[in-house]
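A.B. asks: Sharing a structure here in structure tokens format.
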Amino acid sequence: MFLDELGELSPELQPKLLRVLQDGVVEPVGSPSGHKLDVRLIAATNIDVQSAIKEGDLREDLYYRLKVGTCHLLPLRQRRSDIPRLALSFLDRFNTVHGKGVRFSAEAMTWLRHQPWPGNIRELQNTVEAAALFAGSGIIDVQDLDAAAETTRDERQRHTGACGWIRHAGVPGRHPANR
Numbered sequence: 054m055f056l057d058e059l060g061e062l063s064p065e066l067q068p069k070l071l072r073v074l075q076d077g078v079v080e081p082v083g084s085p086s087g088h089k090l091d092v093r094l095i096a097a098t099n100i101d102v103q104s105a106i107k108e109g110d111l112r113e114d115l116y117y118r119l120k121v122g123t124c125h126l127l128p129l130r131q132r133r134s135d136i137p138r139l140a141l142s143f144l145d146r147f148n149t150v151h152g153k154g155v156r157f158s159a160e161a162m163t164w165l166r167h168q169p170w171p172g173n174i175r176e177l178q179n180t181v182e183a184a185a186l187f188a189g190s191g192i193i194d195v196q197d198l199d200a201a202a203e204t205t206r207d208e209r210q211r212h213t214g215a216c217g218w219i220r221h222a223g224v225p226g227r228h229p230a231n232r
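Residues 54 to 232 in our numbering are what the sequence shown spells out, letter by letter.
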């Protein structure tokens, strides 16, 4: 099981997660008994864990319960060699889900490698998916990527009021409209 953004977990939920980790049992709401878990857990956060513990935002006992092994990942801008592989993977997934055959132009791939990607892999994924939607010819070019990235930047800078996202997370090959 993957717990993303553990640092955002509220102080009220942290003892509950700690209890599940210690006992290996989860108790569904309204259930008279618990269910034994058999999972491997990976937790991720982008916060400074030691500062969060000192400030009381993260329980120290929860941190040490989770910290069996640590892996520090560099931001995407510091591992540019991963960008083409990731972008192609995201585009393959998009093509499978939507039944398309969209590809990158060589210039588009060069453009992807030279972006700062402050939103890391999620920003890259969203930019690739949006560019695939913009690509009228079936080939993603620099203009498609510029339009997609500008939309992402505008949202990040504005980040006020209501926001909406479109994300298909269902079975590959099954578009929501076809269900």
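Beta carbons: idealized from backbone N, C-alpha and C, even for Gly.
Just so we're clear, the structure is a prediction, and the values are computed from it rather than from any experiment.
1) Between the alpha carbons of Pro81 and Gly87, how many angstroms are there, rounded?
2) My output table needs one value for Ile106: the three-state DSSP class, helix, strand or coil.
3) What would DSSP say about Lys89, mapped onto helix, strand or coil?
4) Kindly identify the DSSP beta-bridge partner or partners of Arg156.
5) Compute the Euclidean distance between the alpha carbons of Leu62 and Glu203, then round it to the nearest angstrom.
6) Might you give, ordered along the chain, the residues of its own chain that have their beta carbon closer than 8 angstroms to the beta carbon of Gly191, omitting 5 neighbours on each side?
7) Check whether the Cβ atoms of Val195 and Ser158 sit closer than 9 angstroms, and answer yes or no.
8) Tell me, please, which residues DSSP counts as bridged to Phe55.
9) Are Ile136 and Trp170 closer than 9 angstroms when you measure CB to CB?
10) Starting from Glu182, follow the alpha helix (DSSP H) in both directions and report where the run begins and ends.
C.D. replies: On the basis of the data shown:
1) 7 angstroms
2) helix
3) strand
4) Ile192
5) 30 angstroms
6) Lys153, Gly154, Val155, Arg156
7) yes
8) Ile95
9) yes
10) 173-187
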